[in-house]
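This report refers to the structure that appears directly beneath it.
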Ligand code: GLP
């Protein structure tokens, strides 16, 4: 006997897609959401992302902290991923990225800023520890996500299934190529990473996915308007109870016009 699972999506399930003009507007909207979360719940658990996309968001959070408008002292953070084989002090590690762009500039408590350990001898054990830490913190209140050109979130690469738990990932060639710009040579890009799975992301109270630039247009279109499939990992967010997609004009270029007027979609 063969089984087919049909997911019926209600109109209300649609992601909250917010169209904004450009990268600056996207970053400002994202920063307002994160700041609102921290003001409403000072001991929030934030899920954080790396890459070029959230840089503007982090810049604004640092600026608002410096101006006395934000207090991170009770906040806990969990990053999505780390390269396997890079130590926290390696300049291209996500530890170093977060240190440079956020942790060193705000009053986050270092003991409450977590990233997976890319140097762990036993990756499976480290993955289990990371999930247990997220669970012990009560789960993620607000998860910030970027999107890879192939539709990945965190380092959840296109696959024939969704990985639920934190796991070891063999990066795909297109991801290695895309991330090579951060490394001196293509050969220096690690081939493996450790990434949070879809379980922690889908259990987050609120997810905000940021997308900017024409190289993200196809991934955004497939993730938001296409079928839910592990071949486009971000498409799973269509099933999240509270997912906001902040998309700028270039990244929204392939979204059909009707999406701009339907459901819960806002023009920012
Ligand atoms: C990496 C990260 C992702 C990020 C993606 C897109 O693969 N693991 O979390 O969303 O890159 O990066 P960028 O924002 O630089 O396009």
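Numbering (our numbering), first residue to last: -2 to 265. A virtual CB, placed ideally from N, CA and C, is assigned to each residue, including glycine. The structure presented is a predicted model; accordingly, all values stated were derived computationally and were not measured.
Query	Result
N- and C-terminal bounds of the beta strand (DSSP E) containing residue 43	42 to 45
Any residue whose CB is nearer than 6 angstroms to a heavy atom belonging to the ligand GLP, listed in chain order	46, 47, 48, 49, 50, 77, 78, 143, 144, 145, 151, 152, 172, 176
Span of the beta strand (DSSP E), counted from its first residue to its last, around residue 172	Note, residue 172: premise wrong, no beta strand (DSSP E); alpha helix (DSSP H) at 170 to 176.
Inter-residue Cα distance where the pair is residue 193 and residue 137	12 angstroms
Exposure of residue 26, with buried meaning 16 or more beta-carbon neighbours within 10 Å	buried
Identity of the residues DSSP links to residue 140 by a beta bridge	44, 204
Span separating the alpha-carbon of residue 225 from that of residue 82	32 angstroms
Where residue 183 falls: helix, strand or coil (DSSP)	helix
Exposed unless 16 or more other CB atoms sit within 10 angstroms - verdict on residue 104	exposed
Helix, strand or coil at residue 110 according to DSSP, with G and I counted as helix	strand
Spatial neighbours of residue 151 in its chain, beta-carbon cut-off 6 angstroms, leaving aside the 5 residues before and after	77, 78, 192, 193
Residue 211 (DSSP reduced to helix, strand or coil)	helix
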